[in-house]
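In the numbering used here, the protein residues as written are 2 to 300.
For each residue, glycine too, the CB sits at the ideal point set by N, CA and C.
Accompanying notes for the structure given below.
Given below as structure tokens:
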């Protein structure tokens, strides 16, 4: 059995949240997740009283919105391959493999301890099935067998690619995040179509509750939580500086009707980045301005 101490507390906690809300398989819930969920409950309730976002609403909003955008890209034919970095105990790879089978190549990548835990869980679930695999990765590595380039070496350069990071970027420094984004955009330019999705918390969206939000999350993850950017435009500009042609920090409220029933309602305190390597087409002088946003024009 893999060493639980090598797995982030948030990995155990979110794994249980997905199971409790029908987004996962019971094999992906851990004893540690149960202990954290119930042990952290008083802190969560106290934090909500202080104005910190309801954590289940926060987590479910980002998870379902990434699912929604990924599913649309696959159904439209723009994406046929996925690398999910820091996939943790999420069942997204398993669920999408169940839905699309061998028509979709899905790679889950994480640090060795978590990746081994995922492989053991999938074995109990009867898999992984063809088209779905779990590999080791170091998201900060520039080269070597656990680098992003090594993980992507076997992918078909003639099929569209999606990169996903969920629950990752706010736990790294801005310098590390920018370095990752540069590696992501560099890889994505090797494919005919490519899109990157990630959640991100912005200080403007905290509504004056930045300090308690950062304090609670930092205590929970036993590390520092970073709010790198103030406004959506700041994050979008940083993504373009890192080599993306178009970028948008999506307000989940735009998709509230498609996100299903979320306890506490759709959270407006989290954004989902949608970035592509293709630039947004520039309208000609004869074209009416306005119309679709980047989320619709992104590929």
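{"Asked": "Could you check what DSSP says for residue 184 in three-state terms: helix, strand or coil?", "Found": "helix"}
{"Asked": "Classify residue 17 as helix, strand or coil using the three-state DSSP reduction.", "Found": "helix"}
{"Asked": "Consult DSSP for residue 10 and reduce its assignment to one of helix, strand or coil.", "Found": "helix"}
{"Asked": "Excluding the five sequence neighbours on either side, which residues of its own chain have a C-beta within less than 6 Å of the C-beta of residue 292, listed in chain order?", "Found": "With a pLDDT of 35 at residue 292, under the threshold of 50, the modelled position of this residue cannot be trusted; read the value that follows with caution. Same-chain partners within the cutoff: there are none."}
{"Asked": "What separation, rounded to the nearest whole angstrom, lies between the Cα atoms of residue 265 and residue 13?", "Found": "22 Å"}
{"Asked": "Return helix, strand or coil for residue 159, following the three-state DSSP convention.", "Found": "coil"}
{"Asked": "Give the C-beta separation of residue 274 and residue 253 to the nearest angstrom, bearing in mind that I take them to be a contact with Cβ-Cβ under 8 Å.", "Found": "Going by Cβ atoms, the distance from residue 274 to residue 253 rounds to 12 Å, so no, they are not a contact pair."}
{"Asked": "Kindly indicate the opening and closing residues of the alpha helix (DSSP H) around residue 137.", "Found": "Premise fails: residue 137 lies in the beta strand (DSSP E), 133 to 137, not in any alpha helix (DSSP H)."}
{"Asked": "Which value, in whole angstroms, describes the spacing of the CA atoms of residue 68 and residue 93?", "Found": "8 Å"}
{"Asked": "Figure out for me which residue from 70, 31, 145 has the closest Cα to the Cα of residue 122.", "Found": "31"}
{"Asked": "Tell me residue 83's beta-bridge partners as DSSP assigns them.", "Found": "107, 163"}
{"Asked": "Given that a residue counts as buried once 16 or more other Cβ atoms are within 10 Å of its Cβ, and exposed if not, what is residue 191?", "Found": "exposed"}
{"Asked": "Hey, quick one: how far does the beta strand (DSSP E) through residue 142 stretch, first residue to last?", "Found": "Segment: none, residue 142 is in no beta strand (DSSP E) and carries neither H nor E."}
{"Asked": "At what residues does the alpha helix (DSSP H) containing residue 273 begin and finish?", "Found": "No alpha helix (DSSP H) contains residue 273, which is instead part of the beta strand (DSSP E) from 272 to 277."}
{"Asked": "Under a Cβ-count criterion, where at least 16 other Cβ atoms within 10 Å of its own Cβ denotes burial, should residue 11 be classed as buried or exposed?", "Found": "buried"}
{"Asked": "For the beta strand (DSSP E) holding residue 268, just list the boundary residues, first then last.", "Found": "Residue 268 -> no beta strand (DSSP E), and no H or E assigned at all."}
{"Asked": "Run through the DSSP bridge pairs and tell me what residue 197 is partnered with.", "Found": "164, 276"}
{"Asked": "Per DSSP, what kind of secondary structure is residue 250 in: helix, strand or coil?", "Found": "strand"}
{"Asked": "If you drop the 5 nearest sequence neighbours on each side, which residues of the same chain put their C-beta closer than 7 Å to that of residue 239?", "Found": "179, 230"}
{"Asked": "Do residue 186 and residue 278 come within 7 Å of each other at the CB atom, strictly closer than that value?", "Found": "yes"}
{"Asked": "Which stretch, first to last residue, makes up the alpha helix (DSSP H) that contains residue 102?", "Found": "Run containing residue 102: none; DSSP gives neither H nor E here."}
{"Asked": "So, is the C-beta of residue 178 closer than 7 Å to a C-beta in chain B?", "Found": "As a matter of chain content, chain B is missing from the structure shown, which is built from one protein chain."}
{"Asked": "Can you tell which of 81, 75, 88, 80 has the C-alpha that lies nearest to the C-alpha of residue 16?", "Found": "88"}
{"Asked": "Indicate the three-state DSSP secondary structure (helix, strand or coil) for residue 64 in the structure shown.", "Found": "helix"}
{"Asked": "Looking at residue 274 and the ligand GDP, is the gap between the Cβ and the nearest heavy atom below 6 Å?", "Found": "No copy of the ligand GDP appears in this structure; indeed no ligand is present at all."}
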